[in-house]
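With my numbering as the guide, the letters of the sequence shown map in order to residues 1346 to 1775.
The C-beta atom is built at its ideal place from N, Cα and C for all residues, glycine as well.
Working notes, beginning with the structure itself.
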Amino acid sequence: MEDKMNISNGSERDVRRELRRQRRIKAQVTAYVITGVLGVSVVSAAFLGVNSIVKAVKDYNASVEEAVAEAKQVGAEQAAVASPEENITESEVQSTDAMLDNIVDTCISEMPLEDRVAGLFMVSPEQLTGSDAVVKAGTATQDALSQYAVGGLFYVTKNIKDEAQIKDMLSSTASMSKYPLFISTTEVGGEKSLVANGLGLDPVASPTELGASGNADEAYNTASRVADYLNAYGFNLNVGVNANLTDSGTSFGTDPQNVSAMVAKTVEGLQSFGVSAGLQYFPETINSGNSIEGLQDALSPFRAGIDAGASMIMVCTAPSMGITGDETPSCLSSVVVQDLLRGQLGFDGIIITDSLSDLADRYSSADAAVAAIQAGADMIFLPADFVDAYQGVLAAVQNGTISEERINESLRRVYRVKYANRVEEITSGQ
1346 MEDKMNISNG SERDVRRELR RQRRIKAQVT AYVITGVLGV SVVSAAFLGV NSIVKAVKDY
1406 NASVEEAVAE AKQVGAEQAA VASPEENITE SEVQSTDAML DNIVDTCISE MPLEDRVAGL
1466 FMVSPEQLTG SDAVVKAGTA TQDALSQYAV GGLFYVTKNI KDEAQIKDML SSTASMSKYP
1526 LFISTTEVGG EKSLVANGLG LDPVASPTEL GASGNADEAY NTASRVADYL NAYGFNLNVG
1586 VNANLTDSGT SFGTDPQNVS AMVAKTVEGL QSFGVSAGLQ YFPETINSGN SIEGLQDALS
1646 PFRAGIDAGA SMIMVCTAPS MGITGDETPS CLSSVVVQDL LRGQLGFDGI IITDSLSDLA
1706 DRYSSADAAV AAIQAGADMI FLPADFVDAY QGVLAAVQNG TISEERINES LRRVYRVKYA
1766 NRVEEITSGQ
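Put into structure tokens, the structure is as follows:
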């Protein structure tokens, strides 16, 4: 489906220029994919197969050959003067969003159900492989990823030995996956910096220090530095942006306005330098007994993070009794996930649970994972028993408890984030 651009107020020359730009983008997407710049290769299969992506672009652009030929004529097209007889309509102006949607939908349509379900899980490398402490990607990782095409892996300090080791492990892991992987960690800053601690790096300022400074620009600079080294080692997701109003060492403080500004700039700093940002812990663990009205101050940092473009929000396992009226864990509650986060706050990014292992004394891994998907969560984070959780969700889809479209809905959100930067690389600066 094509997004329509409002062209009624622009001059014909501006419209023609925009149309040429969009055509150029269209051609470049195809050429970019075909030549492997997208980061996919048949040998490594680091991302979804070339054929799937090419098919998506073919469908969007009518034919690969025509698009490649157009790409070769970019210079000439830029200098060309549009013919007065050229018929320009709104439907001809293609958007990057539509391009991305087409690629994502085509990719998902070619994935088997087992892989689509696995793609909604983010687990530790130990959970994936059954090993005690994973510090390299070998046969066990390859075999596990072939069997369980998880959507992401979460690394902590014990997985990190030195710079060469972490770079090699993460790049090898990505190359072993059939599909794009979230390579994630929680790099909060200060003493709570898992990667910096593992590598013996000087830690950046902590959220508490940044909050006390009142300087939101410094929060942006700090997040940019974090993203710079995370990106260099192979990480592409940081789920460590604490948006709660607390005086803990991992938060920016208790003043709603100040914390909101810090959260927004942290999200911008991370994502401007290639690392997706995840907010935690929604709606607010400290004030779990508050009503929705009483939570407005606590929700303001999350609103700010959403407005800044946060890719992901982690919903806590603590109950929100003032909102739900019962002791259902927040991440298993449709009232919290759908009504509040999706509905009132308008968040359309990835919703991930907090660690479901925290609920092991109340729910089986399978039951907790199924309940989370039914509540509206997109990804399951660190279940106590990954295989049990995966098989539980798969069985729920197979017996009709969860529809395949529900799985696809969440996977679309996940893949929009994973592929967005790739499309942006093509379209930026045009």
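List the whole-angstrom C-beta distance separating alanine 1720 from serine 1679, where the pair is believed to meet the contact cut-off of C-beta under 8 angstroms.
As a working mapping, residue 1720 is identified with position 375 in the sequence shown. As a working mapping, residue 1679 is identified with position 334 in the sequence shown. Contact holds; Cβ gap of about 5 angstroms.
Mind checking glutamine 1776: buried by the 16 CB within 10 Å criterion, or exposed?
Lying outside 1346 to 1775, the shown extent of the chain, residue 1776 is not represented and no answer is given.
State buried or exposed for glutamine 1689, treating a residue as buried only when at least 16 other CB atoms are found within 10 Å of its CB.
Along the sequence shown, one-based indexing puts residue 1689 at 344. Glutamine 1689 should be labelled exposed.
Residues in its own chain within less than 7 angstroms of lysine 1503 by CB, not counting five upstream and five downstream?
Residue mapping note: residue 1503 aligns to position 158 of the sequence shown, counting from 1. Excluding residues within five positions, the ones whose Cβ falls inside 7 angstroms are Ala1478.
Would you call the region 1451 to 1468 in contact with the region 1478 to 1488, where contact means no fewer than 3 C-beta pairs closer than 8 angstroms?
no
Quick one: residues in its chain with C-beta nearer than 7 angstroms to the C-beta of serine 1476, no 5 flanking neighbours on either side, listed in chain order?
To locate residue 1476, count along the sequence shown from 1; it is residue 131. Answer for serine 1476: Ala1485, listed in chain order.
Is the beta carbon of phenylalanine 1726 sitting closer than 7 angstroms to the one on methionine 1467?
Walking along the sequence shown from the start, residue 1726 turns up at place 381. Walking along the sequence shown from the start, residue 1467 turns up at place 122. Yes, the pair counts as a contact, with Cβ atoms nearer than the cut-off.
Assign valine 1620 to one of three DSSP states: helix, strand, or coil.
Here residue 1620 is taken as the residue at index 275 of the sequence shown, counted from 1. Residue state, collapsed to three classes: coil.
Just the C-alpha distance for leucine 1498 and glutamate 1471, rounded to the nearest angstrom, thanks.
For the purposes of this step, residue 1498 is taken as residue 153 along the sequence shown, with counting starting at 1. For the purposes of this step, residue 1471 is taken as residue 126 along the sequence shown, with counting starting at 1. Roughly 10 angstroms separates the two Cα atoms.
How long is the line joining the alpha carbons of isoleucine 1511 and alanine 1494, rounded to whole angstroms?
Here residue 1511 corresponds to residue number 166 of the sequence shown, with the count starting at 1. Here residue 1494 corresponds to residue number 149 of the sequence shown, with the count starting at 1. One C-alpha to the other measures close to 21 angstroms.
Could you pull the start and end residues of the beta strand (DSSP E) that threonine 1530 belongs to?
On the sequence shown, position 185 is the one that residue 1530 refers to. That run of the beta strand (DSSP E) goes 1527 to 1530.
Which whole-angstrom value describes the C-beta separation of alanine 1643 and leucine 1590, a residue pair presumed to lie in contact below a C-beta threshold of 8 angstroms?
Within the sequence shown, numbered from 1, the residue matching residue 1643 stands at position 298. Within the sequence shown, numbered from 1, the residue matching residue 1590 stands at position 245. Indeed they touch by this definition, with Cβ atoms about 5 angstroms apart.
Using the three-state DSSP reduction, which class does glutamate 1455 fall into: helix, strand or coil?
As a working note, residue 1455 is residue 110 in the sequence shown. Coil, per DSSP.
Looking only at C-alpha atoms, which of Asp1699, Asn1603, Glu1536 sits nearest to alanine 1557?
In the sequence shown, residue 1557 corresponds to position 212, counting from 1. Alanine 1557 has its Cα closest to that of Asn1603, out of Asp1699, Asn1603, Glu1536.
Roughly how many angstroms separate the alpha carbons of glutamate 1435 and aspartate 1446, rounded to a whole number?
Taking the first residue of the sequence shown as position 1, residue 1435 is located at position 90. Taking the first residue of the sequence shown as position 1, residue 1446 is located at position 101. Only weak support exists for where glutamate 1435 lies, its pLDDT of 44 falling under 50; the coordinates are left without a value.
Using only the alpha-carbon positions, how far apart do glutamate 1459 and alanine 1740 sit?
What you label residue 1459 is simply residue 114 of the sequence shown in a count that begins at 1. What you label residue 1740 is simply residue 395 of the sequence shown in a count that begins at 1. Approximately 10 angstroms, taken between the alpha carbons.
Could you tell me the alpha carbon to alpha carbon distance between methionine 1521 and arginine 1757, rounded to whole angstroms?
Here residue 1521 is taken as the residue at index 176 of the sequence shown, counted from 1. Here residue 1757 is taken as the residue at index 412 of the sequence shown, counted from 1. Their backbone Cα atoms lie some 22 angstroms apart in a straight line.
Under 6 angstroms Cβ to Cβ from alanine 1649, same chain only, skipping five residues before and after it: list those, please.
Within the sequence shown, numbered from 1, the residue matching residue 1649 stands at position 304. Result list for alanine 1649: Ser1605, Val1608, Ala1609, in chain order.
Less than 7 angstroms between the beta carbons of valine 1584 and threonine 1531, yes or no?
The residue labelled residue 1584 in the question sits at position 239 within the sequence shown. The residue labelled residue 1531 in the question sits at position 186 within the sequence shown. Cβ atoms of valine 1584 and threonine 1531: closer than 7 angstroms.
Starting from asparagine 1576, trace the alpha helix (DSSP H) both ways and give me its first and last residue.
By one-based count along the sequence shown, residue 1576 stands at place 231. Looking at the DSSP string, the run of the alpha helix (DSSP H) that includes asparagine 1576 is 1561 to 1578.
So, using beta-carbon positions, are alanine 1572 and leucine 1615 closer together than 7 angstroms?
Position 227 of the sequence shown, counted from the first residue, corresponds to residue 1572. Position 270 of the sequence shown, counted from the first residue, corresponds to residue 1615. Yes. Within cutoff.
Could you say which of Val1732, Tyr1578, Pro1552 lies nearest to alanine 1568 if we only look at CA atoms?
For the purposes of this step, residue 1568 is taken as the residue at position 223 of the sequence shown. That would be Pro1552, whose Cα lies nearest to the Cα of alanine 1568.
Identify, in the order they occur along the chain, each residue of the same chain with its Cβ nearer than 7 angstroms to the Cβ of threonine 1380, setting aside the five sequence neighbours on each side.
The sequence position of residue 1380 within the sequence shown is 35, counting from 1. Reliability of the predicted coordinates at threonine 1380 is poor, the pLDDT of 33 falling under 50, and no value is obtained from them.
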